[in-house]
Amino acid sequence: MGYEELVKLILSKYNVNVNVLDNVFDTPLHVAVRRNHAGVVTLLLERDDIELNCVTYTSVGQWNVRLNPLSFAARHGNANIVALMDVNRKDIFGETPLSIVLSRGQWFWDHKGLDILEILKMLLARKDLDINYKSNVGKTPLSLAIQHGHHDAVELLRVYGAVEG
Numbered sequence: 073m074g075y076e077e078l079v080k081l082i083l084s085k086y087n088v089n090v091n092v093l094d095n096v097f098d099t100p101l102h103v104a105v106r107r108n109h110a111g112v113v114t115l116l117l118e119r120d121d122i123e124l125n126c127v128t129y130t131s132v133g134q135w136n137v138r139l140n141p142l143s144f145a146a147r148h149g150n151a152n153i154v155a156l157m158d159v160n161r162k163d164i165f166g167e168t169p170l171s172i173v174l175s176r177g178q179w180f181w182d183h184k185g186l187d188i189l190e191i192l193k194m195l196l197a198r199k200d201l202d203i204n205y206k207s208n209v210g211k212t213p214l215s216l217a218i219q220h221g222h223h224d225a226v227e228l229l230r231v232y233g234a235v236e237g
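Structure follows, in structure tokens:
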């Protein structure tokens, strides 16, 4: 029995708190996101009682910060998980998955074995994506792509109507 089948069984047979914290203050949704279990994430997101703004602690640079599951997925390159969630939801820094993806240097994506353009295309395919929102510091996704030297991403964003700001 795989994880998805096990979670489905537990959710159907027992009255469980899907927002319970484990010993390191992660919820089941955080664990599923961290382990890149898209099927389990989907099952949890279908629940009416799931808390999407629950936070976990993780290291970002020299700080330990609190991230919701969506921000955690974007910061760790879990693109298939990001695609399941609200792509316009901002984290505590005012960043959305799009800005998080563009804020990472190419070295990060190379290290992860991921192609930033593929992740970007997946986000841009979402009809609900706000491509020109401004972060807490007033930067648009296009501004971030320019700042971080993602030249191909800059061109792709412009094709989709992104503006600098």
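For the sequence shown, the numbering used here gives the first residue as 73, with consecutive numbering after it.
Glycine included, every Cβ here is placed at the ideal spot set by N, Cα and C.
**Q.** Alpha-carbon spacing of T168 relative to S84, whole angstroms
**A.** 33 Å
| query | In three-state terms, what does DSSP make of L239? | reply | Since the first residue shown for the chain is 73 and the last is 237, residue 239 is missing from the structure and cannot be characterised.
Classification of H223 by the beta-carbon crowding that lies within 10 angstroms, buried from 16 upward: exposed
- Query: Is there a Cβ from chain C that is less than 8 Å from the Cβ of L216?
  - Reply: Any reference to chain C falls outside this structure, which holds one protein chain only.
| Can you name the residues that DSSP bridges to T128? | L139
Less than 8 Å separating the beta-carbons of I153 and N108?
yes
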